[in-house]
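If you read the protein sequences in the order shown, they are chains D and E.
For the first sequence, position 272 matches number 272 in my numbering, and the numbering has no gaps at all.
So the number in my numbering is just where the residue sits in the second sequence, counting from 1, plus 339.
For every residue, glycine included, the Cβ atom is placed at its ideal position computed from N, Cα and C.
Since we're looking at a predicted model, the values are computed, not measured.
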Amino acid sequence: MAEQPILEVKDLVKHYPLSQGVLFRKQTGAVKAVDGVSFALGKGETLGIVGESGCGKSTLAKVLMNLERATSGQVLYKGEDISRLSGAALKAVRRNIQMVFQDPYTSLNPRMTVGDIIGEPYEIHPEVAPKGERRRAVQDLLDVVGLNPEYINRYPHQFSGGQRQRIGIARGLALKPEIIICDEPVSALDVSVQAQVINLLDQLQKDFELSYMFIAHDLSIVRHISDRVGVMYLGKMVEIGSDLEIYDHATHPYTQALLSAVPVPDPTARETRDRIVLSGDIPSPANPPSGCRFRTRCWKAEDRCSTEVPLLAVPSLLSGPAAHASACHFAEVRQTVTT
Amino acid sequence: MTTVMEKKTETGRLVPGTPLLEVRDLHVEFKTRDGIAKAVNGVNYSVAAGETLAVLGESGSGKSVTAQTIMGILDMPPGRVASGEILFRGQDMLKMSGEERRQIRGQKIAMIFQDALSSLNPVLSVGYQLGEMFRVHRGASRKEAKAKAIELMDRVRIPAAAQRVGDYPHQFSGGMRQRIMIAMALALEPDLIIADEPTTALDVTVQAQVMDLLAELQAEYHMGLILITHDLGVVADVADKIAVMYAGRIVETAPVHQLYANPAHPYTKGLLRSIPRLDQKGEELYAIKGLPPNLLKVPAGCAFNPRCDAATDLCRTETPALHQVMDKDGAELAGRRSACHLWKETLHG
């Protein structure tokens, strides 16, 4: 990442206000869905974002797409802040950032044909494909995502889940974007079909030099597809680094617990696995713990963790692959912890 | 209640290894506008006390329909049991009256569903719903039922059970709700639990808690457990033996270690190869080509043949039987069966 990142997020915050009262509504608090997140995405790179439900990863995607307005912070696309844009300027930027949604059953309009669904972006951005060439363009897209171009007049219900997700991907590709934000693109699919869609995303990235932000809760899939991985917990990024740094040299206790909880498809690992089973649930984002947000479930927590918010920075004492950004006062590689 | 002598432990539980349930050649069909969908097409499996059988399959493979038929909660019509037997401790449940089945359901065989939020009644407190088991089946008073409910919530480790017994399902987190579902299934200390994707809706850290709890309680009560899932990781963690289903049939059965080390069916082999691994960064994933079949138009011969790399003409015409699998020296491998004409090549090739 020597050159300028294509997308840079600086201290992004999204709070949803909570209000009380019928006549005189007043704000009594806020759900801190995303609370100060920073990262950069390079050209042609895949950044995986993992975390459990409620950690803010989908809100993050919506704010990046400008589907939700950021409360504060910046989203820089090629150096320009797009989080405050509106109207024509926003429309122009959005052409370059597209999204693939989780549920291929609800994200496609059941009353539109596949051709209309994939071609709809051209209605909004007619400069990409002139009217006479649209049908041709849609057929090309169907071919690119591995569907028969003759299916152009079919409706979504005539396709299986995996095929629908391909339609969703084709729609995301229609405007030839540079960045695609994938929000759990394969979690609704069967195991045997997941691999097909992941391979397709891989192939498209090579062919079109796409940058992906890949949001998922399945850590194995994220490792497979990502160059770098960020781990979120309760609205904050707790650790970010290359796939090797995160998966083999995690230094944040939450990442370690998350990785150890993933069931490995190998029965011989049953006895040898060293699992960290966390107690309790994720606290409410409306009332997050003070200091480090993970401290209520962390086995390393000390007094300091409740008063001082740990910053996402490279811990000075660590070296080698362990030296990557981690928001923990006691960041350590796990082997040295569990002796 | 059975003709077979069953050994019991001092606490009145069945000794591990006692046969509990046997499904024999079960066929279940659904009548639809476009024809008859054969959702379950000759399924055989068995589970013993203290044993965990994992039924692995994708959507539409018939794994949940089989479970619903065992529980007797299949919607009929459109569903219909065309033929087969379900023996519970030696007696065929399909021949029983409604009253007899009701005696078994909940008391002897209990089920845990995938989505705890939609399986619990939102307008009744969890304490009431847990206590209902004791009031209906055991004739307990309201007071006794409430005490029992608190005890159960304690057992599945819900913190401050006595204070939370009056709370409603929406006031609990997903993991807690699934614990309540487990508590409800355990309430009457059944012999067999059927868990249909019990952790699919949960996050990984919570999934680990719930699966640990289930395994612990199973060991304590020597329950049989049928775990229905599509997650190869969860199966590897808890199962003793596995039945892999595809398009309404069992395509492979094996003890867990053997299945992962050396699958004897191309579908199982493909599934194992197509999942990304956490501990290694792979190159391009192996993908099984094509799609699972439409149950109204299951391909002739082996249902997997259009997606199989090794398919021959025989596979396209003749449905393979569930062959006993043998090792290289021709000795039978216990519990291993494969519904593939080419199981030898798949296993040893």
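Spatially closest choice to residue 443 of chain E from E/359, E/537, E/629 and E/580, by CA coordinates: For this step, residue 443 of chain E is matched to residue 104 along the second sequence. Its Cα nearest to that of residue 443 of chain E, the residue E/359 stands out among E/359, E/537, E/629 and E/580.
Which residues, in order along the segment 181 to 208 of chain D, keep a beta-carbon less than 8 angstroms from a beta-carbon of chain E? Residues of the segment 181 to 208 of chain D that bring their beta carbon within less than 8 angstroms of a beta carbon in chain E comprise 190, 191, 192, 193, 194, 195, 196, 198, 199 and 202, in sequence order.
Under 7 angstroms, CB to CB, which of the residues in the segment 488 to 505 of chain E have a partner in chain D? Those residues of the segment 488 to 505 of chain E that come within reach of chain D (Cβ to Cβ, closer than 7 angstroms) do not exist; the list is empty.
Taking residue 626 of chain E and residue 148 of chain D to be in contact with their CB atoms under 8 angstroms, please state how far apart those CB atoms are, rounded to whole angstroms. Counting from one through the second sequence, the residue named residue 626 of chain E turns up at place 287. Counting from one through the first sequence, the residue named residue 148 of chain D turns up at place 148. Their Cβ separation, rounded to whole angstroms, is 18 angstroms, which puts residue 626 of chain E and residue 148 of chain D out of contact at 8 angstroms.
Tell me which residue opens and which closes the beta strand (DSSP E) that residue 16 of chain D is part of. The count along the first sequence starts at 1 and reaches residue 16 of chain D at position 16. Run containing residue 16 of chain D: 7 to 20, per the beta strand (DSSP E) assignment.
Would you tell me roughly how many angstroms separate the C-alpha atoms of residue 66 of chain D and residue 83 of chain D, rounded to the nearest one? Taking the first residue of the first sequence as position 1, residue 66 of chain D is located at position 66. Taking the first residue of the first sequence as position 1, residue 83 of chain D is located at position 83. About 7 angstroms.
Same chain only: Cβ atoms within 8 angstroms of residue 161 of chain D, ignoring 5 sequence neighbours per side: Locating residue 161 of chain D in the first sequence gives position 161, counting from the first residue. Excluding positions up to five away in sequence, the list reads 104, 105, 188, 189, 190 and 193.
The segment 49 to 68 of chain D in contact with the segment 6 to 19 of chain D per 3-pair CB rule at 8 angstroms: Output reads yes: the segment 6 to 19 of chain D touches the segment 49 to 68 of chain D.
Boundaries (first-last residue) of the alpha helix (DSSP H) holding residue 502 of chain E: Numbered from 1 along the second sequence, position 163 holds the residue referred to as residue 502 of chain E. 500 to 503 is the extent of the alpha helix (DSSP H) around residue 502 of chain E.
Residue 544 of chain E touches chain D at which residues, Cβ-Cβ below 8 angstroms? Taking the first residue of the second sequence as 1, we reach residue 544 of chain E at position 205. Correct list: 52, 257, 258, 261, 277 and 278.
Does the structure place the segment 423 to 442 of chain E close enough to the segment 350 to 364 of chain E that three or more beta carbon pairs sit under 8 angstroms? Flag = yes, the segment 350 to 364 of chain E and the segment 423 to 442 of chain E touch.
Starting from the C-beta of residue 611 of chain E, find all residues in its chain whose C-beta is less than 8 angstroms away, skip the five residues before and the five after it, and write them out in chain order. Here residue 611 of chain E is taken as the residue at index 272 of the second sequence, counted from 1. So the list reads 571, 599 and 602, once near-sequence residues are dropped.
Establish whether the CB of residue 253 of chain D and some CB of chain E are separated by less than 7 angstroms. Position 253 of the first sequence, counting from 1, holds the residue named residue 253 of chain D. So, not an interface residue.
Is residue 282 of chain D closer than 7 angstroms to residue 257 of chain D when the C-beta atoms are compared? Start at 1 with the first residue of the first sequence, and residue 257 of chain D comes out as number 257. Start at 1 with the first residue of the first sequence, and residue 282 of chain D comes out as number 282. Contact annotation: residue 257 of chain D and residue 282 of chain D have beta-carbon atoms that are not nearer than 7 angstroms.
Which residues in the same chain have their Cβ closer than 7 angstroms to the Cβ of residue 153 of chain D, if we skip the five residues on either side of it in sequence? Residue 153 of chain D sits at position 153 when you count from the first residue of the first sequence. When the five nearest sequence neighbours on each side are left out, the beta carbons in the same chain lying within less than 7 angstroms of the beta carbon of residue 153 of chain D are those of 113 and 115, in order along the chain.
Against chain E, which members of the segment 142 to 163 of chain D pass a CB distance test of less than 7 angstroms? For the segment 142 to 163 of chain D, which is checked against every Cβ of chain E, the residues closer than 7 angstroms are 160 and 162.
Put residue 89 of chain D into one of helix, strand or coil per three-state DSSP. Your numbering for residue 89 of chain D matches position 89 in the first sequence. In the structure shown, residue 89 of chain D falls within a helical segment according to DSSP collapsed to helix, strand and coil.
Within 7 angstroms, strictly: CB atoms of residue 568 of chain E and residue 583 of chain E: Translated into the one-based positions of the second sequence, residue 568 of chain E becomes position 229. Translated into the one-based positions of the second sequence, residue 583 of chain E becomes position 244. No; because the gap between Cβ atoms is not below 7 angstroms, this pair is not in contact.
Strictly below 8 angstroms CB to CB, what residues from chain D border residue 596 of chain E? Start at 1 with the first residue of the second sequence, and residue 596 of chain E comes out as number 257. The answer, in chain order, is 267 and 268.
With a threshold of 6 angstroms (Cβ to nearest heavy atom), would residue 597 of chain E be considered close to the ligand PLP? For the ligand PLP, the structure offers nothing, since it holds no ligand at all.
Need the endpoints of the beta strand (DSSP E) that residue 685 of chain E sits in, please. Position 346 of the second sequence holds residue 685 of chain E. Annotation for residue 685 of chain E: no beta strand (DSSP E) segment contains it, though the alpha helix (DSSP H) segment containing it runs 682 to 687.
Rank D/56, D/20, D/3 and D/252 by C-alpha distance to the C-alpha of residue 216 of chain D and give the top, closest one. Taking the first sequence and counting its residues from 1, the one referred to as residue 216 of chain D is at position 216. Of the residues D/56, D/20, D/3 and D/252, the one whose Cα lies closest to the Cα of residue 216 of chain D is D/56.
Provide the residue(s) that pair with residue 43 of chain D in DSSP beta bridges, ordered along the chain. Taking the first sequence and counting its residues from 1, one reaches residue 43 of chain D at position 43. In DSSP, residue 43 of chain D forms no bridge with anything.
Under the three-state DSSP convention, the category residue 604 of chain E falls into: As a working mapping, residue 604 of chain E is identified with position 265 in the second sequence. Residue 604 of chain E: coil per DSSP, three-state reduction.
If I measure Cβ to Cβ from residue 328 of chain D and keep anything under 6 angstroms in the same chain, skipping five residues before and after, which residues do I get? To locate residue 328 of chain D, count along the first sequence from 1; it is residue 328. Contacts found: 252 and 310.
Status (buried if at least 16 other CB within 10 Å, exposed otherwise) for residue 339 of chain D: On the first sequence, position 339 is the one that residue 339 of chain D refers to. Because the pLDDT at residue 339 of chain D is just 33, under 50, the model does not fix this residue reliably, and the point stays unresolved.
Which runs of the beta strand (DSSP E) fall wholly inside the segment 104 to 190 of chain D and span at least 3 residues, in chain order? Runs found: 179 to 183.
Any idea if residue 509 of chain E is buried or exposed, counting beta-carbon neighbours within 10 angstroms, 16 or more meaning buried? Working through the second sequence from its first residue, we reach residue 509 of chain E at position 170. The residue in question, residue 509 of chain E, is exposed, as its Cβ has fewer than 16 Cβ neighbours within 10 Å.
Check each residue of the segment 435 to 460 of chain E: if its Cβ is closer than 7 angstroms to any Cβ of chain D, include it; give the result in chain order. So nothing in the stretch comes that close.
Option in D/146, D/221, D/81 and D/28 with minimal Cα separation from residue 163 of chain D: Here the question's residue 163 of chain D lines up with position 163 in the first sequence. When only C-alpha atoms are compared, the closest one is D/146.
Nonlocal neighbours in the same chain, by C-beta distance under 6 angstroms from residue 587 of chain E, ignoring five residues either side: Reading the second sequence from its first residue, position 248 is the one you call residue 587 of chain E. Cβ neighbours of residue 587 of chain E beyond the five flanking positions: 377, 378, 379, 380 and 401.
Contact under 7 angstroms by Cβ, residue 674 of chain E with residue 594 of chain E: Sequence index remark: in the second sequence, residue 674 of chain E carries index 335 (1-based). Sequence index remark: in the second sequence, residue 594 of chain E carries index 255 (1-based). Yes, these two residues count as a Cβ contact at 7 angstroms.
Residue closest to residue 632 of chain E, alpha-carbon to alpha-carbon, out of E/397, E/389, E/345 and E/392: In the second sequence, counting from the first residue as 1, residue 632 of chain E sits at position 293. Residue 632 of chain E has its Cα closest to that of E/397, out of E/397, E/389, E/345 and E/392.
Assuming residue 596 of chain E contacts residue 268 of chain D under a Cβ cut-off of 8 angstroms, what Cβ separation, rounded to an integer in Å, is found between them? Taking the first residue of the second sequence as position 1, residue 596 of chain E is located at position 257. Taking the first residue of the first sequence as position 1, residue 268 of chain D is located at position 268. About 7 angstroms separates the Cβ atoms of residue 596 of chain E and residue 268 of chain D, confirming a contact at the 8 angstroms cut-off.
Where residue 69 of chain D falls: helix, strand or coil (DSSP): In the first sequence, residue 69 of chain D corresponds to position 69, counting from 1. Three-state result, residue 69 of chain D: coil.
Using a Cβ cut-off of 7 angstroms (strictly closer), state whether residue 220 of chain D contacts chain E. Working through the first sequence from its first residue, we reach residue 220 of chain D at position 220. Taking Cβ atoms only, chain E reaches closer than 7 angstroms to residue 220 of chain D, which makes this a yes.
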